[in-house]
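Numbering (this note's numbering), first residue to last: 223 to 319.
Have a look at this one:
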């Protein structure tokens with residue numbers, strides 16, 4: 223099953239959680255913070271402006287993005303994947319190599 227977001231929505235697959243700290247302490251699943259990074263898996267056509275034009279999104283499928291801790295409060299489970307659905311404006315930036 224595929225998902226096609228509407229308007230300025232973006233579907234993001236959250237990166238795997240860190241299970242150890244920088245000092246090597248292993249964290250149980252309940253104590254680990256959810257990562258604020260992920261990969262864009264689907265993008266809507268863009269935001270409709272007041273004059274009726276559509277502003278194309280700034281991100282594309284495959285981009286690695288950084289978002290806020292509470293961004294994408296809407297989650298959906300498709301197959302084995304738990305995906306976040308957020309507005310493009312909730313994305314802080316694209317991570318580049």
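Backbone N, C-alpha and C fix where the C-beta goes; we use that ideal spot for every residue, glycine too.
- Task: Taking only the alpha-carbon atoms, compute the straight-line gap between residue 278 and residue 244 and give it to the nearest angstrom.
- Result: Against the chain shown, residue 278 aligns to sequence position 56. Against the chain shown, residue 244 aligns to sequence position 22. Each residue's alpha carbon lies about 39 Å from the other.
- Item | Option in 259, 230, 265 with minimal Cα separation from residue 212 | Since the first residue shown for the chain is 223 and the last is 319, residue 212 is missing from the structure and cannot be characterised.
- Query: Taking the beta strand (DSSP E) that residue 309 falls in, what are its first and last residues?
  - Reply: Taking the first residue of the chain shown as position 1, residue 309 is located at position 87. Residue 309 -> beta strand (DSSP E) spans 303-309.
- On the three-state DSSP scale, how would you describe residue 312? As a working mapping, residue 312 is identified with position 90 in the chain shown. Residue 312: helix per DSSP, three-state reduction.
- What residue does the beta strand (DSSP E) around residue 296 start on, and which one ends it? As a working note, residue 296 is residue 74 in the chain shown. Taken as a continuous stretch (DSSP letters only), the beta strand (DSSP E) holding residue 296 covers 296-300.
- Would you kindly work out how many angstroms separate the C-alpha atoms of residue 296 and residue 285, rounded to a whole number? Position 74 of the chain shown holds residue 296. Position 63 of the chain shown holds residue 285. Straight-line Cα distance between these residues: approximately 20 Å.
- Message: Just checking: is the beta-carbon of residue 261 within a distance shorter than 8 Å of some beta-carbon in chain C?
- Response: The structure shown contains no chain C; it is built from a single protein chain.
- Query: Around the C-beta of residue 274, are 16 or more other C-beta atoms found within 10 angstroms, so that it is buried, or is it exposed?
  - Reply: Position 52 of the chain shown holds residue 274. Within 10 angstroms of the beta-carbon of residue 274 lie fewer than 16 other beta-carbons, which makes it exposed.
- Determine the extent of the beta strand (DSSP E) in which residue 226 is found, giving its start and end residues. For the purposes of this step, residue 226 is taken as residue 4 along the chain shown, with counting starting at 1. No beta strand (DSSP E) contains residue 226, which DSSP labels as neither H nor E.
- Task: Answer yes or no: do residue 309 and residue 231 have a C-beta to C-beta separation smaller than 8 Å?
- Result: Along the chain shown, one-based indexing puts residue 309 at 87. Along the chain shown, one-based indexing puts residue 231 at 9. A contact, by the Cβ cut-off of 8 Å.
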